[in-house]
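What follows is one structure encoded as structure tokens, with my remarks underneath.
Residue numbers (our numbering): 91 to 752.
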């Protein structure tokens, strides 16, 4: 079995690399400053799959140390373990374009020197046969170029300068050691091809945020400059293939989508704007002008930090070696077009829930228990029987694995449960997202669940169907088709409208339908004016929202309305994408055609034994239509936001329905 030593294994790219390597007969030695951090990485890789967890524990071994210390801060015992390494993957060092010269040199240049000192020992005493160094796509160095230090000194940022110096030292040292070196130059990392989930906000996220706020006005360069992107799992696939080469040779591998046209600044800005319902009227400006602009009161026109503008390149990149590797090992295409919509929606969601506008990269874990780091302000619900739940600043930690997913085009939170039970698929209402209903999960142990973000909400991209309601039904139907088991479809409010229409049109897909305060008849015609809905949503403050919830009998008083609930919703509405989706869904509830039975519906189909309704009789906003009365209806003394205000009681009702019908 081959042994691979990796630095930066607990980072975004490093985690993806280790996950890829586990598919091969490889033993992994991972440099880590914290045993708990490595354990968290193992859990993320395994996604709480017991078999994968066991494999991670067996094959991923942590070496406590520090890249910025002599001998990597390793103990003698761990240094002895390193002698068994056949391959070294140097992926250490975080992406921070704002590093000063001292910070950048310490991490990249000195860190590389310390690694090379250890590498020399391994080469002399062990079986090391291959070094893989992760550099940057801005690098001018190749096998054919002279490795002139002045090329590194031309870099504009301390971050780039240090990265180039580190690459140069690595090339010189490996040549002296006669050690084959593969230099990998990935583009700007975006989310994986499965979910589009993008944890790194300081790259592509800077541009998504600028377009989201309709602030991006200038693009550095002539307009031909482009922002090369690469999916993190695609990059990991290429690096994993290099690690398994039996006869490696020195070469350089740029990993980026080479289609310059669709990734040029103006085109990419327009694509982001289209996904976010925002404005992107950009003007190409010479890079030197942009730099001067940052020193003037007109700095706001640039919208993104000066450092981020260095991510653009205006030259062609030779990817011949990369394409050869791709062909030899049947590696995935580097094209990022299929996941770009999901990536933009994910970044938009992460940005609006950050505490600061400086894009401090605080983001939720992609896999883990029902907990979130400070900065996301998620919800902890402690239910009581007498009054609405109290929402505090973090989820209570539960022994319940939750993972990110994507079904069709829709983002999901997914929780495993009994293999013998149907999957509970939950659809949220307007001005909401799947996150708000996660507290239900802690009371539904054992039931497999998907919490879906409807199109345009949460982390799901918008759809382009002419009819918002029909497009939403189609997207959810495609997601439900992904289920390997029968589906119990649950919908709250507008989600109940969608769920009911799916049952009408595709009853064969639904095992049972759970409707919680569904909206099943035409509402106030004033809500049909989408433009006014959007303008009203733009002006909401937490206090206004709290008063509105009290007026609509969701809570008894403003003091009972959880502050973090209103804050969470108001932050959601900062996104023009989510705000537009909310306005559209509100308008659909005032449109008669939404509730008109479609010709495609199954005629004379008896739904009565497959629909259960939960209704809070304090709900003064909506009423049940008479023709639904024959269906099984449960009533509780609560308001419209029952799943949020009283999740325990809602969960008890859901469990009772499962017992009866599933």
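For each residue, glycine too, the CB sits at the ideal point set by N, CA and C.
Residue 135 and residue 142 have their C-alpha atoms spaced approximately 8 Å apart. Restricting attention to 144, 546 and 255, the CA atom closest to the CA of residue 238 is found in 255. For residue 496, the pairing in a beta bridge is given by DSSP as 501. Between residue 514 and residue 538, the C-beta spacing is below 9 Å.
Of the residues 132, 247, 133 and 331, the one whose Cα lies closest to the Cα of residue 415 is 331. For residue 279, the enclosing beta strand (DSSP E) begins and ends at 278 to 280. Residue 96 is bridged by DSSP to 120 and 179. In its chain, beyond the 5 residues on either side, 231, 237, 239 and 242 have a beta carbon closer than 7 Å to the beta carbon of residue 258. Here residue 620 is near residue 676, since their CB atoms are less than 9 Å apart. About 11 Å separates the beta carbon of residue 524 from that of residue 505, a gap too long to meet the 8 Å contact definition. Taking a 10 Å sphere around the C-beta of residue 109, we find 16 or more other C-beta atoms and assign the residue as buried. Per DSSP, the continuous alpha helix (DSSP H) segment holding residue 328 begins and ends at 322 to 333. For a cut-off of 8 Å, the C-beta gap from residue 709 to residue 607 is around 6 Å, short enough to register as a contact.
Non-local beta-carbon contacts of residue 290 in its own chain, meaning distances under 7 Å to residues more than five positions away in sequence, involve 102, 185, 279 and 451 in chain order. With 16 or more other Cβ atoms inside 10 Å of its own Cβ, residue 342 counts as buried. Counting along the chain, residue 126 sits inside the alpha helix (DSSP H) bounded by residues 125 to 136. In the structure shown, residue 541 falls within a strand segment according to DSSP collapsed to helix, strand and coil. For residue 517 against residue 585, the beta-carbon gap comes to about 3 Å, under 8 Å, which counts as contact.
Within a 10 Å sphere around the beta-carbon of residue 638 sit fewer than 16 other beta-carbons, which makes this residue exposed.
Under the DSSP assignment, residue 513 falls outside any alpha helix (DSSP H), being part of the beta strand (DSSP E) whose first and last residues are 513 to 517. Following the DSSP letters along the chain, one finds residue 659 inside the alpha helix (DSSP H) bounded by residues 653 to 662. In this structure, DSSP gives residue 108 a helical state, which the three-state scheme calls helix.
Here the alpha carbons of residue 577 and residue 570 stand approximately 7 Å from one another.
Nearest to residue 287 by C-alpha distance, out of 500, 151, 738 and 652, is 500. With a cut-off of 8 Å on Cβ pairs, the stretch 677 to 685 is not in contact with the stretch 626 to 640, counting fewer than three such pairs.
Approximately 13 Å separates the beta-carbon atoms of residue 152 and residue 162; this is outside 8 Å, ruling out the contact.
Here the alpha carbon of residue 628 sits roughly 10 Å from the alpha carbon of residue 661.
Distance from the Cα of residue 671 is smallest, within the candidate group 591, 554, 640 and 729, for 554.
For residue 412, the closest C-alpha among the options 276, 745, 337 and 436 is that of 276.
Where residue 263 is concerned, the enclosing alpha helix (DSSP H) starts and stops at 248 to 267. Residue 421 and residue 252 have their C-alpha atoms spaced approximately 31 Å apart. Distance between residue 723 and residue 704, taken at the CA atoms: about 6 Å. In terms of Cβ geometry, residue 603 and residue 744 do not form a close pair [threshold 9 Å].
Residue 214 carries a helical assignment under DSSP once its states are collapsed to helix, strand and coil. Taking residue 409 as the centre and dropping the five residues before and after it, the same chain places the C-beta of 344 and 348 closer than 6 Å to its C-beta, in chain order.
Inclusion of residue 285 and residue 177 in the CB contact set at 9 Å is not warranted, their separation being larger than that value.
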